[in-house]
Amino acid sequence: MKKNEYFKEIEKIYKEMAPHFKERLKEFKNIWESGSNKDIHLELSFCILTPQSKALNAWQAITNLKKDDLIYKGKAEEFVEFLNIVRFKNNKAKYLVELREQMTKNGKLITKDFFKSLPTVSEKRDWIVKNIKGMSYKEASHFLRNVGFGENIAILDRHILKNLIKLEVIDELPKTLTPKLYLEIEEKMRNYCEFVKIPMDEMDLLLWYKEAGVIFK
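Numbering (the working numbering), first residue to last: 86 to 302.
Laid out in structure tokens, this is it:
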């Protein structure tokens, strides 16, 4: 394990941007601490929309669906027109409705309450992967990071994986990211972050910022 030239390049960005990353992560934690069941449900719904779509577009779609509480009471066919800016809009519309049904008890959303009942981050993530359609380890990790539980998990999308190659954490881009391989790469990233003394959630924002030039979610 070593700090190569590419790390030195992103380390300069980190030293400049670290306060902004920490502030954004604090905002994520505040969503969980002060947010309602509906607020947490929006974050989970957002991550259903992100596969093979731009995060900015996915959040715009959620914002539009939130108007008039459509996301909380609409039908899948009503969602579709709002999902034109993300890929696989028909399937994702169905997934959003199924998610809402899963997270409703006695006519009320229980998204935050439900996840509070799962004591560890691993239990939360494993439940999502096993039970929510359209969500793999990547999307589940994304959701958990966005509500303040990202200290020890990785969001292994393509841009993170490409950067891990440049950092010499992994050798090549996986053709298929199986659950087993996801966890193996995550462990390598975790060890690397400990080595360079940058928390995993900050490293994710750092590498995302390196690629996109913005701090988003």
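Positions of the beta carbon are idealized from the N, C-alpha and C atoms, including for glycine.
**Message:** Quick check on the burial criterion: 16 or more other C-beta atoms within 10 angstroms. Buried or exposed for Ala143?
**Reply:** Buried.
**Asked** Can you name the start and end residues of the alpha helix (DSSP H) that Ile245 belongs to?
**Response** Where Ile245 is concerned, the enclosing alpha helix (DSSP H) stretches over 243 to 251.
**Message:** Quick check on this structure: which residue in Val206, Asn216, Leu129, Asp256 has the alpha carbon closest to the alpha carbon of Ala239?
**Reply:** Out of Val206, Asn216, Leu129, Asp256, the CA that lies nearest to the CA of Ala239 is found in Val206.
**Message:** Relative to the C-alpha of Phe228, which candidate in Ile250, Asn248, Phe200 has its C-alpha closest?
**Reply:** The candidate whose alpha carbon is nearest that of Phe228 is Phe200.
**Prompt:** Does the region 153 to 170 come close enough to the region 92 to 101 that 3 or more CB-CB pairs lie under 8 Å?
**Reply:** Taking a cut-off of 8 Å for Cβ pairs, the region 92 to 101 and the region 153 to 170 do not touch, as fewer than three such pairs fall below it.
**Asked** With C-beta atoms as the reference, is Ala140 less than 8 Å away from Lys302?
**Response** Against a cut-off of 8 Å, the Cβ pair of Lys302 and Ala140 comes out as a contact.
**Prompt:** Could you give the residue range of the alpha helix (DSSP H) that holds Glu257?
**Reply:** Under the DSSP assignment, Glu257 falls outside any alpha helix (DSSP H); it carries neither an H nor an E label.
**Asked** In whole angstroms, what separates the C-alpha of Cys278 from that of Met285?
**Response** In a straight line, the C-alpha of Cys278 is about 6 Å away from that of Met285.
**Asked** Since Asn237 is in the alpha helix (DSSP H), which residue starts that stretch and which ends it?
**Response** Here Asn237 belongs to no alpha helix (DSSP H), and DSSP marks it neither H nor E.
**Message:** Does Asp289 pass the burial test, meaning 16 or more other C-beta atoms within 10 Å, or should it be called exposed?
**Reply:** So Asp289 ends up on the buried side.
**Message:** DSSP three-state label for Tyr273, please.
**Reply:** One point to set straight first is that residue 273 is Lys, not Tyr, in the sequence displayed. Here Lys273 sits in helix by DSSP.
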